[in-house]
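Residue numbers (my numbering), protein chains in the order written: chain D, 1 to 50; chain Y, 1 to 187.
Using N, Cα and C, we set each Cβ at its ideal position, and we do this for glycine too.
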Amino acid sequence: MLDTIRDPVRQLAAALAFAPPSLAGALLLALAALVALVAHAIGVRLRAPC
Amino acid sequence: MNERHPYWSALLHATNGPTRLALLVLALAIALPSASFDPDVTDILTKILTIATIVLIGWIAMTAGHLAGDLYVARASGEGVDILVARKHVTQVRILRQVVDTIIVVLTVSGALMTFEPVRQYGVSLFASAGVAGLVAGLAARPMLSNLIAGLQIAATQPIRLDDEVVVENQWGRIEEINSTYVVLGL
Chain D
1 MLDTIRDPVR QLAAALAFAP PSLAGALLLA LAALVALVAH AIGVRLRAPC
Chain Y
1 MNERHPYWSA LLHATNGPTR LALLVLALAI ALPSASFDPD VTDILTKILT IATIVLIGWI
61 AMTAGHLAGD LYVARASGEG VDILVARKHV TQVRILRQVV DTIIVVLTVS GALMTFEPVR
121 QYGVSLFASA GVAGLVAGLA ARPMLSNLIA GLQIAATQPI RLDDEVVVEN QWGRIEEINS
181 TYVVLGL
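Here it is in structure tokens:
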């Protein structure tokens, strides 16, 4: 299951190859953090009673 | 779920912060191997994520313990329960909670420190010379440990409970707080 998540991350990292490595890495981590926070926010909203 | 499983419902609500942090750590751990940082930077970030995971486990364990205690006290001091029995349960839960908190904090801090190689080596050498070091540490910590064990005895045997009225050295007072290592009297 982790591979199905990692594959798009690898593809995104390959797409960012034009940027300097440190900048591309920082961008990748920032995107991952953003996705995690959005997923959490959606989960909280779904769990909250209507 | 709120009515059928009050503990799990309250736990989900109370662990909102740790869950957010856990998701963040998981996402960063998945993305980190694909990020093309220097090996040194990757090592530092990996260590930070490891420490965050250890702190998260401690945080969730402490929250779960507090909630279990609260639920137990709420059930034990509900309607129709003898007030003396309720006070007994409240006293026991408060002291046990402090002991459990202390153990969790010590384990979490040690776990986090053990991720650093020099600290781990020191820990291994301490274990290797456990005889002498244990004796020294035991002697140094004797007053604290004896107070802690006395606190546990008070929780178990209940010679005093919260809100009991007592006379100490000709002073009348009320038990306001029973901690793991001391008792607070309101004079």
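A direct Cα-Cα distance of roughly 10 Å separates residue 16 of chain Y from residue 43 of chain D.
Among the residues facing chain D, residue 30 of chain Y is included, as its CB has a counterpart in that chain under 8 Å away. Annotation: residue 116 of chain Y has no Cβ neighbours in chain D at a cutoff of 8 Å; minimum Cβ distance is about 23 Å. Across the stretch 24 to 38 of chain D, CB contacts with chain Y closer than 9 Å involve 24, 25, 26, 27, 28, 29, 31, 32, 33, 34, 35, 36 and 37, in sequence order along the chain. Within chain Y, the C-beta atoms nearer than 8 Å to that of residue 5 of chain D come from 30, in chain order. Here residue 47 of chain Y is near residue 115 of chain Y, since their CB atoms are less than 8 Å apart.
A direct Cα-Cα distance of roughly 43 Å separates residue 68 of chain Y from residue 39 of chain Y. Taking the Cβ atoms as the reference, residue 34 of chain D lies roughly 11 Å from residue 28 of chain Y, outside the contact range of under 8 Å. When C-beta distances to chain Y are compared with 8 Å, the residues of the stretch 10 to 24 of chain D below that value are 10, 12, 13, 21, 22 and 24, in chain order. Check the Cα spacing between residue 83 of chain Y and each of Y:100, Y:11, Y:162 and Y:44: the tightest is with Y:162.
Looking at the DSSP output, residue 168 of chain Y shares a beta bridge with Y:171. At the C-beta level, residue 166 of chain Y and residue 178 of chain Y stay beyond 8 Å of one another.
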